[in-house]
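Colleague:
Protein chains: 2
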Amino acid sequence: MRGLADHPGARNLNDDCAVIEIGSETLVLTHDMMSEGIHFLAGQDAADVAWKLVTVNISDLAAKGAKPVGMLLGYMLGANDARFLSGLEEALHHYDVPLLGGDTIAGQGAQTMGLTAIGKATHCPVPSRGGAQVGDSAYVTGPVGAAMLGFEALKQGKGDSAAYRRPVALMKEGIALCPHVTAMMDISDGLLLDAFRLATASNVTLAIDRGDVPIATPENRRDDAMRWGDDYQLLFTAPADVALPVTAHHIGQVIARSSSPVLLDGYALRGTQDLGYQH
Amino acid sequence: MRGLADHPGARNLNDDCAVIEIGSETLVLTHDMMSEGIHFLAGQDAADVAWKLVTVNISDLAAKGAKPVGMLLGYMLGANDARFLSGLEEALHHYDVPLLGGDTIAGQGAQTMGLTAIGKATHCPVPSRGGAQVGDSAYVTGPVGAAMLGFEALKQGKGDSAAYRRPVALMKEGIALCPHVTAMMDISDGLLLDAFRLATASNVTLAIDRGDVPIATPENRRDDAMRWGDDYQLLFTAPADVALPVTAHHIGQVIARSSSPVLLDGYALRGTQDLGYQH
Chain A
675 MRGLADHPGA RNLNDDCAVI EIGSETLVLT HDMMSEGIHF LAGQDAADVA WKLVTVNISD
735 LAAKGAKPVG MLLGYMLGAN DARFLSGLEE ALHHYDVPLL GGDTIAGQGA QTMGLTAIGK
795 ATHCPVPSRG GAQVGDSAYV TGPVGAAMLG FEALKQGKGD SAAYRRPVAL MKEGIALCPH
855 VTAMMDISDG LLLDAFRLAT ASNVTLAIDR GDVPIATPEN RRDDAMRWGD DYQLLFTAPA
915 DVALPVTAHH IGQVIARSSS PVLLDGYALR GTQDLGYQH
Chain B
675 MRGLADHPGA RNLNDDCAVI EIGSETLVLT HDMMSEGIHF LAGQDAADVA WKLVTVNISD
735 LAAKGAKPVG MLLGYMLGAN DARFLSGLEE ALHHYDVPLL GGDTIAGQGA QTMGLTAIGK
795 ATHCPVPSRG GAQVGDSAYV TGPVGAAMLG FEALKQGKGD SAAYRRPVAL MKEGIALCPH
855 VTAMMDISDG LLLDAFRLAT ASNVTLAIDR GDVPIATPEN RRDDAMRWGD DYQLLFTAPA
915 DVALPVTAHH IGQVIARSSS PVLLDGYALR GTQDLGYQH
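Residue numbers (this note's numbering), protein chains in the order written: chain A, 675 to 953; chain B, 675 to 953.
(1) Using a Cβ cut-off of 8 Å (strictly closer), state whether Leu703 (chain A) contacts chain B.
(2) Suppose you measure from the CA of Ala806 (chain B) to the CA of Pro853 (chain B); what does that come to, to the nearest Å?
(3) Please report how far the alpha carbon of Ala765 (chain A) lies from the alpha carbon of Val728 (chain A), in whole angstroms.
(4) In the DSSP assignment, what residue or residues form a beta bridge with Gly744 (chain B)?
(5) Exposed or buried, Gln907 (chain B), counting other C-beta atoms within 10 Å across all chains shown (16 or more means buried)?
(6) Can you check whether the C-beta of Ala922 (chain B) is within less than 8 Å of a C-beta belonging to chain A?
(7) Can you tell me whether DSSP reads Tyr934 (chain B) as helix, strand or coil?
(8) Check the Cβ of Thr786 (chain B) against every Cβ in chain A and list those closer than 7 Å, keeping chain order.
(9) Are the CB atoms of Ile925 (chain A) and Tyr813 (chain A) within a distance shorter than 8 Å?
(10) Just how far apart, CA to CA, sit Pro888 (chain B) and Ile861 (chain B)?
(11) Any beta-carbon of chain B closer than 8 Å to the one on Asp706 (chain A)?
(12) Have a look at the DSSP bridge pairing and note the partners of Gly926 (chain A).
(13) Under 6 Å Cβ to Cβ from Ala930 (chain B), same chain only, skipping five residues before and after it: list those, please.
(14) Can you check DSSP and say which residues form a bridge with His705 (chain B)?
(15) Between Arg840 (chain A) and Asp722 (chain A), is the Cβ-Cβ spacing less than 8 Å?
(16) Residues in the same chain with beta-carbon distance under 6 Å from Gly683 (chain B), minus the five sequence neighbours each way, listed in chain order, please.
(17) Between Thr815 (chain B) and Leu909 (chain B), what straight-line distance do the alpha-carbon atoms span, to the nearest angstrom?
(18) Can you find a CB in chain A that lies within less than 8 Å of the CB of Met675 (chain B)?
(19) If you measure between the beta carbons of Leu703 (chain B) and Gly775 (chain A), is that distance less than 8 Å?
(20) Does any residue of chain B bring its CB to less than 8 Å from the CB of Thr729 (chain A)?
(21) I believe Asp939 (chain A) touches Asp883 (chain A) by the beta-carbon criterion, under 8 Å. Please report the beta-carbon distance rounded to the nearest angstrom.
(22) For the candidate residues A:Ala837, A:Val771, A:Leu828, A:Arg895, whose alpha-carbon lies nearest to that of Ala740 (chain A)?
(23) Give every residue of the same chain whose Cβ lies closer than 7 Å to the Cβ of Val955 (chain B), excluding the five residues on either side of it in the sequence, and list them in chain order.
(24) Below 7 Å on C-beta distance, what does Ile694 (chain B) contact in chain A?
(25) Within the segment 863-924 of chain B, note down every full beta strand (DSSP E) run reaching 3 residues or more, in order along the chain.
(26) Thinking just about the alpha-carbon of each residue, which of B:Trp902, B:Gly903, B:Asp948, B:Ile732 is nearest to the one in His767 (chain B)?
(27) Determine, using beta carbons only, whether Cys852 (chain B) comes closer than 8 Å to chain A.
(28) Under the assumption that Tyr769 (chain B) contacts Met845 (chain B) (Cβ atoms under 8 Å), give the Cβ distance between them as a whole number of angstroms.
(29) Closest Cβ-Cβ distance between Asn686 (chain A) and chain B: below 8 Å?
(30) In terms of residues, what are the limits of the beta strand (DSSP E) holding Gly776 (chain A)?
(31) Would you call Asp834 (chain A) buried or exposed, if buried means 16 or more other Cβ atoms sit within 10 Å of its Cβ?
(32) Taking the beta strand (DSSP E) that Glu695 (chain A) belongs to, which residues open and close that run?
(33) From the DSSP output, which residues share a beta bridge with Met859 (chain A)?
(34) Ala736 (chain B) by DSSP, collapsed to three states: which one?
(35) Verify the CB distance criterion: does Cys711 (chain B) have a CB-CB separation below 8 Å to chain A?
(36) Return the CA-CA distance between Ala881 (chain A) and Pro935 (chain A), expressed in angstroms with no decimal places.
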């Protein structure tokens, strides 16, 4: 919905958090929506769906170094509300964040739900995806591809699907990193696509060393792992000489804008088929 | 979803706003969701749907005397996104509130959308529905039943449907009233049902004089008008001797809890069939 994202003040729609000043505090706000058949499988355990809905929103705050203050839920009643509630409570407890309110509705067709997370910035300026500087190093907090393997296990009904069903937002890591980074975002839609977005927003190129990207998969799935989302690792850039407070993997360098926002071993990536999951 | 509304910290779910302290400011947060076939007619002009989505959320803030700071949209793409955007921009302009961000998703089946509104309290304590005191007078800001007539006009394809399609949240009135009221809420689900909720939250009874309730309908539709929602008038209680800054209609008295939270001309109302729209 291009028109909407172009709306004045809505530049962050779909991809990012809103940052507003309230008195002496800086608030970070995000809203993510999920719908059956698109963001979760029909028949998937509603407790896992609730867990993920909380996690994706907390992950957005984490990338801003924001401490969660509370959440508002918009929930279409479905077939497994008790399971949803159980997973919701588990996640709220895990991230130590209260549910402040929201709305439940009856609905028809695919079950849809949304969550708004409100956080307090712990460091200003709040990191954006637009701050990467030529000469910075690029990092990722951990391996990608785990959620992909989990998704395949869930679909096949065998193997460990936890990484897909129960991803964990890196809240503490995001808060620890934010004073040190020049740009940061969570990898929700795949490393390469999100790197493309970060580089585009920063008007630079990320030159990624393919072999340095940590993967949770066998080597023959490396290309898939870099394109699959849902891992919620943090992608960030920082001056090359900064000592990081969190273990992270160096995956490349920030260079002046080249033929593409992302070079992978020097090869310019273009178009969606090269990048990852767009939704 | 009883379990969810009983969640610690989620006492306000479905019906009210969340109130949180941020530094020296008090924020009021609300989230309302709408789904095709439930909250709007399939095929209804998407611009009207967007207008209403903004209005219902602003109306929740108005009942708290909160000045809107911004909104986050969760939007499932549909058949008329351009019209939705047009109505959204119209409403944001009308209420002078920015769209800060949100999420758009693909979806299947009934189109569903949610909006989070963030407001700053203009007066503390923020009015709740739980503060009505025995001896207070009960008021409504204006006539009920206009949206019902508008809905009927829209369904029949003739007559003026604007009151249903384009309700207006009483933002300025809510802000002006909030220092003077003991309890306040917007009438979104029908005067009698919302009076029942206010009285229940306040542990009092509202003794309503049926003939004093202002209605936008012919007299023979009075009972329907008091049970239909979507008018977004404000229902409030205030000490009987308070001079109100806004024109309002005296509709009854707050008395000690009687046989029902609402007496209508002395008749105790019970159960949903007596009250209004539950959704």
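A virtual CB, placed ideally from N, CA and C, is assigned to each residue, including glycine.
Modeller: Result, derived from the coordinates:
(1) yes
(2) 14 Å
(3) 6 Å
(4) B:Ile792
(5) buried
(6) no
(7) The question names Tyr, but residue 934 (chain B) is Ser in the sequence shown. If DSSP states are grouped into helix, strand and coil, Ser934 (chain B) belongs with coil.
(8) Met750, Gly781, Thr786
(9) yes
(10) 13 Å
(11) yes
(12) A:Ala812, A:Ile882
(13) Val808
(14) B:Thr790
(15) yes
(16) Bear in mind that the predicted position of Gly683 (chain B) carries a pLDDT of just 43, short of 50, making it too unreliable to give a figure here.
(17) 7 Å
(18) A caution first: Met675 (chain B) carries a pLDDT of 43, below 50, which makes its placement in the model unreliable, though a value can still be read off. Chain A, which has a Cβ nearer than 8 Å to the Cβ of Met675 (chain B), makes this yes.
(19) yes
(20) no
(21) 7 Å
(22) A:Val771
(23) This structure does not reach residue 955 (chain B), given that chain B is present from 675 up to 953, and the question cannot be answered.
(24) Val743, Gly744, Leu774
(25) 878-882, 908-912
(26) B:Ile732
(27) no
(28) 6 Å
(29) Any reading at Asn686 (chain A) is ruled out, since the residue's pLDDT is 47, under 50, leaving its predicted position unreliable.
(30) 773-779
(31) exposed
(32) 692-696
(33) A:Leu909
(34) helix
(35) Note on residue identity: the sequence assigns Gly, not Cys, to residue 711 (chain B). With 8 Å as the cut-off, Gly711 (chain B) counts as an interface residue toward chain A.
(36) 8 Å
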